[in-house]
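Visitor:
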Amino acid sequence: MDLYCWLGRAPEEPKLKMARHAVMTRQVCTLVPYEPRQKANLLVSAEFVWHEEGILELSYGLRSRGKAGLNDVQMPSTAVSPQRCDELWSNTCFEAFLAHPEQENYWELNVAPSGDWNLYSLENYRNGLQPELGVLLPAISIHGGPKDFRCDVLLNLRPWWPGVSCPEFSLAAVMKHTDASYSYWAIRHTGQGPDFHDRRSFIKP
226 MDLYCWLGRA PEEPKLKMAR HAVMTRQVCT LVPYEPRQKA NLLVSAEFVW HEEGILELSY
286 GLRSRGKAGL NDVQMPSTAV SPQRCDELWS NTCFEAFLAH PEQENYWELN VAPSGDWNLY
346 SLENYRNGLQ PELGVLLPAI SIHGGPKDFR CDVLLNLRPW WPGVSCPEFS LAAVMKHTDA
406 SYSYWAIRHT GQGPDFHDRR SFIKP
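At position 146 of the sequence shown (counting the first as 1) the number is 371 in the numbering used here, and the numbers step up by one without a gap.
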């Protein structure tokens with residue numbers, strides 16, 4: 226099983242480069258399937274970049290090592306006008322979970338390959354799921370080819386995220402395949418089944 230994860234803090238950009246935010250925390254990792262032998266020809270990666278201004282950048286990548294490319298994965302077409310939608314996790318979906326240390330409440334972000342998205346707040350483990358009303362519209366960029374796919378997300382957390390500290394987080398993905406099966410990908414799996422809500426799997430910066 227291939228697993229790569231790098232967590233670090235990057236220095237602030239020189240003051241003359243005003244276009245970029247000052248990076249506080251960045252993590253690049255290979256997501257692993259819950260079933261290690263499942264979908265050996267599929268590579269799933271994710272990147273997390275947290276800026277001190279409360280700006281979050283996420284990137285998800287898919288790459289196929291097989292001749293069929295990504296044809297095994299059900300990928301909805303890019304939406305002309307992406308919408309905020311429920312139950313995106315029932316199809317191919319990229320996910321991020323954010324939490325404050327020592328607090329039970331947390332947030333779940335869903336982004337579909339179509340560009341549709343949603344952000345939820347939860348009171349505690351899988352309880353009290355509600356759309357986060359304070360969220361601003363994220364910027365979502367989709368790029369794809371026969372064997373490669375990339376989804377970039379830029380999200381402003383300031384309207385609803387309490388404080389300025391980097392959250393505990395988990396990055397994950399659900400893949401729905403053309404044979405109607407699912408594979409579940411995460412930085413790490415800590416439970417008896419694929420459970421992205423398990424706080425033991427969250428990264429603590």
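Glycine is no exception: its CB is placed at the ideal position from the N, C-alpha and C atoms.
#1: May I ask you to report which of helix, strand or coil DSSP gives residue 315?
#2: Is the segment 373-387 close to the segment 404-415, with three or more CB pairs under 8 angstroms?
#3: Any chance you could list the beta strand (DSSP E) runs of at least 3 consecutive residues sitting entirely within the segment 252-305, in chain order?
#4: Using a Cβ-Cβ cutoff of less than 7 angstroms, which residues in the same chain neighbour residue 331 once the five nearest sequence positions on both sides are dropped?
#5: Starting from residue 369, trace the beta strand (DSSP E) both ways and give me its first and last residue.
#6: For residue 406, which of helix, strand or coil comes out of DSSP?
#7: Would you identify the three-state DSSP class for residue 351, choosing helix, strand or coil?
#8: Could you pull the start and end residues of the beta strand (DSSP E) that residue 383 belongs to?
#9: When you compare each of 336, 314, 349 to residue 326 by their alpha carbons, which one comes out closest?
#10: Leaving out the 5 sequence neighbours to the left and right, which residues in its chain are closer than 7 angstroms to residue 308 when beta-carbon positions are compared?
#11: Measure the alpha-carbon distance for residue 237 versus residue 249 and round it to whole angstroms.
#12: In the DSSP assignment, what are the bridge partners of residue 356?
#13: Exposed or buried, residue 389, counting other C-beta atoms within 10 Å across all chains shown (16 or more means buried)?
#14: What does a CB cutoff of less than 6 angstroms around residue 368 pick up in its chain, not counting 5 residues either side in sequence?
#15: Would you tell me roughly how many angstroms separate the C-alpha atoms of residue 303 and residue 336, rounded to the nearest one?
#16: Less than 9 angstroms separating the beta-carbons of residue 393 and residue 427?
#17: Going by DSSP, what residues sit across from residue 250 in a beta bridge?
#18: Once DSSP output is grouped into helix, strand and coil, what is the label at residue 426?
Guide: So, to answer that:
#1: Within the sequence shown, residue 315 is the residue found at index 90, counting from 1. Looking at residue 315 - three-state DSSP - the assignment turns out to be helix.
#2: no
#3: 267-276, 280-289
#4: On the sequence shown, position 106 is the one that residue 331 refers to. 322, 323, 324, 347, listed in sequence order.
#5: The count along the sequence shown starts at 1 and reaches residue 369 at position 144. Unbroken beta strand (DSSP E) run through residue 369: 364-369.
#6: In the sequence shown, the residue the question calls residue 406 occupies position 181. Of the three classes helix, strand and coil, the one that applies to residue 406 here is coil, per DSSP.
#7: Residue numbering aside, residue 351 sits at position 126 when the sequence shown is read from its first letter. Residue 351 falls in the coil class under three-state DSSP.
#8: The residue labelled residue 383 in the question sits at position 158 within the sequence shown. Run containing residue 383: none; DSSP gives neither H nor E here.
#9: Here residue 326 is taken as the residue at index 101 of the sequence shown, counted from 1. Considering only alpha carbons, the answer is 349.
#10: To locate residue 308, count along the sequence shown from 1; it is residue 83. Result list for residue 308: 341, in chain order.
#11: Walking along the sequence shown from the start, residue 237 turns up at place 12. Walking along the sequence shown from the start, residue 249 turns up at place 24. In this prediction, residue 237 has a pLDDT of 45, which is less than 50 and means its spatial position is unreliable; what the coordinates show is noted afterwards. For residue 237 and residue 249, the distance between alpha carbons rounds to 8 angstroms.
#12: Here residue 356 is taken as the residue at index 131 of the sequence shown, counted from 1. DSSP, once it has assigned bridges, lists 345 as partnering residue 356.
#13: Residue mapping note: residue 389 aligns to position 164 of the sequence shown, counting from 1. That one is exposed.
#14: On the sequence shown, position 143 is the one that residue 368 refers to. Excluding sequence neighbours, residue 368 sits near 375.
#15: Taking the sequence shown and counting its residues from 1, one reaches residue 303 at position 78. Taking the sequence shown and counting its residues from 1, one reaches residue 336 at position 111. Their Cα atoms are separated by approximately 12 angstroms.
#16: The residue labelled residue 393 in the question sits at position 168 within the sequence shown. The residue labelled residue 427 in the question sits at position 202 within the sequence shown. Taking 9 angstroms as the Cβ cut-off, residue 393 and residue 427 qualify as a contacting pair.
#17: By one-based count along the sequence shown, residue 250 stands at place 25. 275, per the DSSP bridge assignment.
#18: Within the sequence shown, the letter at position 201 stands for residue 426. Looking at residue 426 - three-state DSSP - the assignment turns out to be helix.
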